[in-house]
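Q: One point on numbering: in the working numbering, the residue at position 7 of the sequence shown is 14, and numbering is uninterrupted. The beta-carbon is built from N, C-alpha and C at its ideal position, and this holds for glycine as well. Note that the coordinates shown come from a computational prediction; the quantities given were computed from them, not determined experimentally.
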Amino acid sequence: MDQMLIRGGTPLVGKIQISGAKNAALPLLTACLLTDETLTLSNVPQLADIAGMANLLGQHGIEIGLNAASGNGHTLDLKAYNLTSTTAPYELVRKMRASILVLGPLLARARQAKVSLPGGCAIGTRPVDLHIKALQKMGADITIEEGYINAMAPQGLHGAEIVFPVVTVTGTENVLMAATLAKGETVLVNAAREPEIGDLARCLVAMGAEIDGIGTDRLTIQGKDRLHAATHSVIADRIEAGTFAIAAAITNGDLELVGARKDCLKNFLDVLSRAGVLVEEVENGLRVRRQEPQLTGVDVMTEPFPGFPTDLQAQVMALMCVAEGAAMITETIFENRFMHVPELARMGANITVHGSSAMVRGVKKLKGAPVMATDLRASVSLALAGLAAEGETVLSRLYHLDRGYERLEEKLGACGADIRRVKAAA
Ligand code: EPZ
């Protein structure tokens with residue numbers, strides 16, 4: 008397995024192109040199931056999770072063509088002309104939980120789907136009960152047998168009012184996609200408002216869907232008989248942008264994040280500003296550098312959008328490890344998203360966990376050490392700490408990192424980071 012060797016202490020200076028958003032591209036890829044015409048997606052990031060989704064769609068019979076990579080990322084032509092299977096098998100779903108996003112589209116298009124329950128992951132049990140309840144309310148007959156969700160809707164789905172008791176991102180996406188082909192009107196109440204959902208909704212409208220309330224927590228969809236071909240560019244990845252903003256701050260550098268958008272990161276950028284980081288809008292993105300020589304600890308609580316994103320919690324914790332004073336970081340979305348804490352402690356961080364809150368007391372310097380990635384965002388948090396630490400950090404289990412960060416060492420290395428990927432001794 009590969010390892011990342013990082014020698015910290017260099018302020019990062021330069022420009023980084025932000026890639027297309029993983030969490031927008033994944034539902035956008037499954038949207039191709041809703042039509043027998045071609046869906047063309049541009050600015051698709053080249054990530055392990057995207058390859059995983061393409062593999063899953065391929066076994067449903069989707070033809071995926073790779074256009075000349077125009078501009079950033081890949082351009083893919085997806086054609087669900089001839090569905091050969093409506094089963095998403097366990098061996099594929101367990102590797103990539105977002106596979107659950109084929110459930111709604113398959114049910115809407117093919118009126119049946121057999122999708123493996125995704126199972127839990129490192130950060131939590133990750134249930135999909137809200138996806139299932141919503142689709143049942145839309146007329147699907149769903150049973151759980153031998154670890155599979157067996158869903159049938161022989162008469163097709165019908166519209167319904169769906170009230171989500173908990174904000175769920177992929178739950179909103181699954182039901183939104185299913186509703187575009189349901190008979191009649193569907194209203195989603197307490198829908199997730201993450202920018203990736205707005206991006207999906209805009210693509211669905213381009214495909215002929217009728218959706219009102221995009222960007223709000225109430226979505227109204229008038230079902231159509233069919234959707235048609237469309238071309239859509241994937242929105243920039245706000246989580247990648249936030250990650251690199253922290254890379255600038257933690258190394259006392261000066262980075263221009265090309266493609267980053269302030270409106271998708273307002274709460275996060277407010278935390279950075281209170282910590283002593285200057286973020287300016289520039290022509291094609293955001294410029295990030297320290298406003299004060301010393302960072303200041305700031306309390307953080309993760310919440311659904313537009314609150315502070317849980318996917319930036321591990322990264323901001325790395326920053327707080329070297330800030331002056333204390334920061335209370337509270338994780339309200341997932342029950343086990345502090346696995347980066349013991350690894351950061353190996354680097355000299357001073358963090359105490361009490362239930363869903365972690366008290367971080369800033370230290371003058373972190374020290375490089377061998378550390379282990381446990382999940383996607385924890386892994387990049389350790390890389391950020393390594394960029395600021397004295398000495399060398401060796402990050403193992405890089406497959407976690409590769410799920411969500413495209414060419415990380417290349418992007419950081421181009422801005423002066425002493426970072427390289429090596430093959431670990433077997
Ligand atoms: C999406 O996961 C993202 N993944 C996650 O990003 C992100 O952390 C999460 O939303 C929250 O923003 C993708 O978009 C592919 P949820 P998702 O359903 O949809 C509970 C990353 O690092 N819940 O919004 O699975 C659930 O337990 C990944 O890129 C139910 O109880 O998250 C959690 O406490 C990690 N029942 C809360 O809702 C359900 O049926 C939010 O989960 C569904 C969810």
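(1) For my contact list, Gly249 and Phe275 are in at a C-beta cut-off of 8 Å; report their separation, rounded to the angstrom.
(2) At the level of alpha carbons, what is the spacing between Ile221 and Ala208?
(3) By Cβ distance below 6 Å, which residues in the same chain neighbour Asn30 in space, the five residues on each side in sequence not counted?
(4) What separation, rounded to the nearest whole angstrom, lies between the Cα atoms of Thr296 and Leu279?
(5) Assign Phe171 to one of three DSSP states: helix, strand, or coil.
(6) Would you check if there are 3 or more beta carbon pairs closer than 8 Å linking the stretch 305 to 318 to the stretch 285 to 294?
(7) With a threshold of 7 Å, establish whether the CB of Ile242 neighbours any heavy atom of the ligand EPZ.
(8) Which full runs of the beta strand (DSSP E) of 3+ residues lie inside the stretch 65 to 119, going along the chain?
(9) With a threshold of 8 Å, are at least 3 pairs of Cβ atoms found where one atom belongs to the stretch 395 to 404 and the other to the stretch 11 to 20?
(10) Do you know offhand how far Ala216's Cα is from Arg410's?
(11) Tell me whether the beta-carbon of Leu408 lies closer than 8 Å to the beta-carbon of Ser386.
(12) Given 7 Å as the limit, tell me if Val182 has its C-beta closer than that to any heavy atom belonging to the ligand EPZ.
(13) How would you write the range of the beta strand (DSSP E) that Arg14 sits in, first residue to last?
(14) Helix, strand or coil for Lys6, going by three-state DSSP, please let me know.
(15) Helix, strand or coil: how does DSSP classify Thr359 here?
(16) Ignoring anything shorter than 4 residues, give me the alpha helix (DSSP H) runs that lie fully in the stretch 189 to 214, in order along the chain.
(17) Skipping 5 residues on each side, what residues in its chain have a beta carbon closer than 6 Å to that of Thr91?
(18) Okay, do the stretch 238 to 246 and the stretch 37 to 55 touch, 3+ Cβ pairs below 8 Å being the bar?
(19) Are the beta-carbon atoms of Met354 and Val329 separated by less than 8 Å?
(20) Can you tell me whether Leu73 is buried or exposed? The criterion is at least 16 other CB atoms within 10 Å of its CB, across all chains shown.
(21) Quickly, what does DSSP pair Phe315 with across the bridge? List them, please.
(22) Is the beta carbon of Leu41 sitting closer than 8 Å to the one on Leu234?
(23) Using 8 Å as the cut-off, can you tell me whether the stretch 189 to 199 makes contact with the stretch 224 to 231, which would need three or more C-beta pairs spanning the two stretches below that distance?
A: The structure says:
(1) Position 242 of the sequence shown, counting from 1, holds the residue named residue 249. Position 268 of the sequence shown, counting from 1, holds the residue named residue 275. The Cβ separation is near 5 Å, so the contact holds.
(2) On the sequence shown, residue 221 is found 214 positions in, with the first residue counted as 1. On the sequence shown, residue 208 is found 201 positions in, with the first residue counted as 1. One C-alpha to the other measures close to 7 Å.
(3) One-based indexing of the sequence shown puts residue 30 at position 23. These residues qualify, in order along the chain: Glu203.
(4) Locating residue 296 in the sequence shown gives position 289, where the first residue counts as 1. Locating residue 279 in the sequence shown gives position 272, where the first residue counts as 1. As written in the sequence, residue 296 is Arg, which differs from the Thr given in the question. Their backbone Cα atoms lie some 10 Å apart in a straight line.
(5) To locate residue 171, count along the sequence shown from 1; it is residue 164. Phe171: coil per DSSP, three-state reduction.
(6) no
(7) As a first step, residue 242 is located in the sequence shown; it is residue number 235 there, counting from the start. Answer for Ile242: no, Cβ out of range of the ligand EPZ.
(8) 70 to 74, 81 to 86
(9) yes
(10) For this step, residue 216 is matched to residue 209 along the sequence shown. For this step, residue 410 is matched to residue 403 along the sequence shown. C-alpha separation (whole angstroms): 30 Å.
(11) In the sequence shown, counting from the first residue as 1, residue 408 sits at position 401. In the sequence shown, counting from the first residue as 1, residue 386 sits at position 379. Yes, Cβ-Cβ distance for Leu408 and Ser386 is below 8 Å.
(12) Taking the first residue of the sequence shown as 1, we reach residue 182 at position 175. Checking every heavy atom of the ligand EPZ against the Cβ of Val182, none is found closer than 7 Å.
(13) Taking the sequence shown and counting its residues from 1, one reaches residue 14 at position 7. Its beta strand (DSSP E) spans residues 9 to 14.
(14) The chain is shown from 8 up to 433; residue 6 falls before or after that span and cannot be answered.
(15) Working through the sequence shown from its first residue, we reach residue 359 at position 352. Strand at Thr359.
(16) 202 to 213
(17) In the sequence shown, the residue the question calls residue 91 occupies position 84. Gly68, listed in sequence order.
(18) yes
(19) The count along the sequence shown starts at 1 and reaches residue 354 at position 347. The count along the sequence shown starts at 1 and reaches residue 329 at position 322. No, Cβ-Cβ distance for Met354 and Val329 is not below 8 Å.
(20) The residue you call residue 73 lines up with position 66 of the sequence shown. By the neighbour-count rule (16 or more Cβ atoms within 10 Å), Leu73 is not buried but exposed.
(21) Translated into the one-based positions of the sequence shown, residue 315 becomes position 308. DSSP lists Thr309 as partners of Phe315.
(22) Taking the first residue of the sequence shown as 1, we reach residue 41 at position 34. Taking the first residue of the sequence shown as 1, we reach residue 234 at position 227. Contact flag set, yes.
(23) yes
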